[in-house]
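Protein chains: 2
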Amino acid sequence: MNKFFDIYMDLRKKIEHAEFATGSLLPSEKTLSEHYHVSRETIRKALALLLEGGYIQKKQGKGSIVLDIRRFNFPVSGLISFKELQDSQQIPNETIVIKNKLETIPDFLAEDLKVDPNRKVISLIRLRKIAGEVVIMDKDYLFNDIIEQIPSDVAENSIYAYLENELGLNIAYAKKEFVVEPATREDHKLMNLKDDTHVVVVKSEVYLEDTRLFQYTESRHRLDRFRFVEFARRKHSL
Amino acid sequence: MNKFFDIYMDLRKKIEHAEFATGSLLPSEKTLSEHYHVSRETIRKALALLLEGGYIQKKQGKGSIVLDIRRFNFPVSGLISFKELQDSQQIPNETIVIKNKLETIPDFLAEDLKVDPNRKVISLIRLRKIAGEVVIMDKDYLFNDIIEQIPSDVAENSIYAYLENELGLNIAYAKKEFVVEPATREDHKLMNLKDDTHVVVVKSEVYLEDTRLFQYTESRHRLDRFRFVEFARRKHSL
DNA sequence: CAGTGGTCTAGACCACTAT
DNA sequence: TAGTGGTCTAGACCACTGT
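Shown next, in the form of structure tokens:
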């Protein structure tokens with residue numbers, strides 16, 4: 001659809017397939033604009049995506065240097081669901097739905113999120129098995145006035161795909177907070193925690209395109225299986 | 001210098017000072033371009049920065065909605081140093097330099113980073129005190145063929161400011177990895193770990209604008225004081 | 001329908017890097 | 001000095017939102 005996105009995908013593919021060698025320079029923006037028969041600004045939009053993703057580094061007066069993509073293996077940042085993440089990395093996984101019912105939002109949560117304490121939520125608890133072991137417990141709260149229900153086969157797979165493709169809801173952005181908390185009795189009961197005293201908790205508030213908050217999630221990870229990787233750029237001048 | 005950056009800063013200030021109310025719409029891009037006497041594309045670059053920072057949400061056909069910035073208190077992501085972070089949040093802090101000497105790169109690190117095992121590095125160990133307690137230990141390795149030495153007063157303050165302002169080196173990007181590891185004897189000796197069995201470790205590979213790797217850092221955090229917040233956008237279509 | 005943001009263009013000038 | 005990326009413009013057309 002978009003020219004710049006297609007060009008981004010094409011260049012990315014060529015970098016991943018080593019058609020453009022690590023450390024070498026990409027063709028100049030002028031050359032690329034002639035090759036793809038588009039204006040230079042359109043090329044620059046494609047390059048901006050490569051830059052953001054850690055595929056290239058630009059230098060004024062010099063060119064666009066191809067980075068070693070293997071070095072940035074699994075940049076697992078951004079807003080992506082468990083199902084999408086596992087699928088993209090081709091890791092065998094299984095989801096067990098422990099709970100899926102309608103209830104009033106818990107008091108602590110209504111207070112934290114500053115929403116009406118009488119609002120109804122769909123409360124989900126799902127265990128994530130990787131290589132046969134339960135290493136993640138996800139506790140989701142979805143506002144019932146936005147999402148009527150989650151069919152159980154959806155809960156076992158991708159909720160995000162269901163919301164986006166079936167309900168036409170567009171997920172836009174999230175605030176994510178990473179902390180370490182003492183393991184609860186529930187953590188010990190549902191996960192194989194061994195002697196661990198703590199779990200890593202990723203708390204997410206997820207919003208739709210129209211800025212409505214529709215989901216709060218606590219993803220509770222066993223310490224030794226938690227890993228988060230991100231590619232970050234330095235923002236000069238604030 | 002840049003028009004779009006100045007406009008970004010101006011709009012951001014107005015959002016932070018509630019001159020544009022949360023939930024309301026920003027003036028249209030056309031209106032803004034007339035107000036600032038610039039082209040629409042320049043306005044769009046400014047808005048792209050606001051979008052990335054979680055200040056607004058755009059909607060085609062509608063406008064740019066101002067988000068509740070208080071809800072995204074401390075988006076502590078990106079590539080920022082301890083000193084910059086603490087200063088920006090006005091938290092009283094103190095750095096104690098435990099080690100600052102030239103040595104050959106440790107074997108495990110040369111292997112991980114795939115660099116010559118004979119290269120020399122400046123090896124730093126610094127303790128970070130917050131509210132009187134040592135809660136973070138930073139272990140830095142800076143390549144000596146890029147950085148000759150780190151004066152001790154610099155190690156106590158901002159290394160990044162020294163590199164950028166004194167040495168003229170431009171820090172560009174980093175790969176950051178978050179994991180939880182068992183606490184070492186050294187962790188227990190240097191930090192107030194109490195009964196903790198683990199620490200959160202943030203491993204960073206930091207690169208310059210010319211794509212040279214110049215720093216590897218392990219930032220070791222006490223579990224109960226670790227917190228990482230990020231604002232993430234959903235990237236539709238891969 | 002008018003107004004909004006999303007994409008794209010062709011051209012200009014500037015700042016930086018090489019040689 | 002020639003070639004690169006960085007910024008900016010004025011205009012065009014499209015897709016989407018509201019009334």
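Here the protein sequences line up with chains A and B, keeping their order. 59 is the number that UniProt numbering gives to position 59 of the first sequence; each next residue is one higher, with no gaps. 168 is the number that UniProt numbering gives to position 168 of the second sequence; each next residue is one higher, with no gaps. A virtual CB, placed ideally from N, CA and C, is assigned to each residue, including glycine. Because the structure is a prediction, the values reported are computed rather than measured.
So, residue i versus residue j, is the Cβ gap smaller than 8 Å?
{"i": "I43 of chain A", "j": "N93 of chain A", "result": "no"}
{"i": "K13 of chain A", "j": "F20 of chain A", "result": "no"}
{"i": "H198 of chain A", "j": "H198 of chain B", "result": "yes"}
{"i": "V180 of chain A", "j": "L223 of chain B", "result": "yes"}
{"i": "E177 of chain B", "j": "K203 of chain B", "result": "yes"}
{"i": "E133 of chain B", "j": "I69 of chain B", "result": "no"}
{"i": "L102 of chain A", "j": "N144 of chain A", "result": "yes"}
{"i": "E209 of chain A", "j": "K30 of chain B", "result": "no"}
{"i": "K175 of chain A", "j": "E218 of chain A", "result": "no"}
Might you give, ordered along the chain, the residues of its own chain that have their beta carbon closer than 6 Å to the beta carbon of residue i, omitting 5 neighbours on each side?
{"i": "L163 of chain B", "result": "L169"}
{"i": "V115 of chain B", "result": "none"}
{"i": "R126 of chain B", "result": "T95, V97 and D138"}
{"i": "I7 of chain B", "result": "Y36 and A46"}
{"i": "Y207 of chain B", "result": "A172, Y173 and L213"}
For residue i, I'd like the list of residues in its chain whose CB is within less than 8 Å of its CB, leaving aside the five on either flank, ordered along the chain.
{"i": "Q57 of chain A", "result": "L51, S64, I65 and L67"}
{"i": "T104 of chain B", "result": "P117, N118, R119, K120 and V121"}
{"i": "L25 of chain A", "result": "K62, G63, S64, I65 and V66"}
{"i": "S33 of chain A", "result": "S39, R40, T42 and I43"}
{"i": "P27 of chain A", "result": "H35"}
{"i": "L238 of chain B", "result": "Here the model assigns L238 of chain B a pLDDT of 46, short of 50, so the residue's position is not dependable, and the following value carries that caveat. Correct list: empty, nothing qualifies."}
{"i": "residue 239 of chain A", "result": "No statement about residue 239 of chain A is possible, as the shown extent of chain A runs from 1 to 238 and does not include it."}
Grab me the residues of residue i's own chain with a C-beta within less than 7 Å of its C-beta, minus the 5 sequence neighbours each way, in chain order.
{"i": "V154 of chain B", "result": "Y162"}
{"i": "L109 of chain A", "result": "Y141 and Y216"}
{"i": "P182 of chain A", "result": "T197 and H198"}
{"i": "K99 of chain A", "result": "S123, L124 and I125"}
{"i": "E156 of chain B", "result": "T95 and V97"}
{"i": "F4 of chain B", "result": "T42, K45 and A46"}
So with Cβ pairs under 8 Å, would you call residue i a contact of chain B?
{"i": "V180 of chain A", "result": "yes"}
{"i": "L167 of chain A", "result": "no"}
{"i": "V200 of chain A", "result": "yes"}
According to DSSP, is residue i part of a helix, a strand, or is it coil?
{"i": "F228 of chain B", "result": "strand"}
{"i": "M137 of chain A", "result": "strand"}
{"i": "I147 of chain B", "result": "coil"}
{"i": "K101 of chain B", "result": "strand"}
{"i": "S24 of chain A", "result": "coil"}
{"i": "R234 of chain B", "result": "coil"}
{"i": "R212 of chain B", "result": "coil"}
{"i": "Y207 of chain B", "result": "strand"}
{"i": "R126 of chain A", "result": "strand"}
{"i": "N157 of chain B", "result": "coil"}
{"i": "L50 of chain A", "result": "helix"}
{"i": "N2 of chain B", "result": "coil"}
{"i": "A110 of chain B", "result": "helix"}
{"i": "L142 of chain A", "result": "strand"}
Which residues in chain B have a C-beta closer than 9 Å to the C-beta of residue i? List them in chain order.
{"i": "V38 of chain A", "result": "The contacting residues do not exist; V38 of chain A stays about 16 Å from chain B at best."}
{"i": "G54 of chain A", "result": "Y173 and K175"}
Any C-beta of chain A sitting closer than 8 Å to the C-beta of residue i?
{"i": "V229 of chain B", "result": "yes"}
{"i": "E133 of chain B", "result": "no"}
{"i": "A183 of chain B", "result": "no"}
{"i": "R233 of chain B", "result": "yes"}
{"i": "L102 of chain B", "result": "no"}
By the criterion of Cβ-Cβ separation under 8 Å, what are the contact partners of residue i in chain A?
{"i": "F215 of chain B", "result": "The sequence shown places Gln at residue 215 of chain B, rather than the Phe named in the question. Simply none; closest approach about 12 Å."}
{"i": "L223 of chain B", "result": "V180 and H198"}
How would you list, in chain order, the residues of chain B whose beta-carbon sits under 8 Å from the beta-carbon of residue i?
{"i": "K59 of chain A", "result": "E209 and D210"}
{"i": "L67 of chain A", "result": "T211"}
{"i": "F226 of chain A", "result": "F178, V179 and V180"}
Taking 7 Å as the cut-off, is the C-beta of residue i nearer than that to any heavy atom in the ligand MN?
{"i": "Y36 of chain A", "result": "Among the components modelled here there is no ligand, and therefore nothing to report on the ligand MN."}
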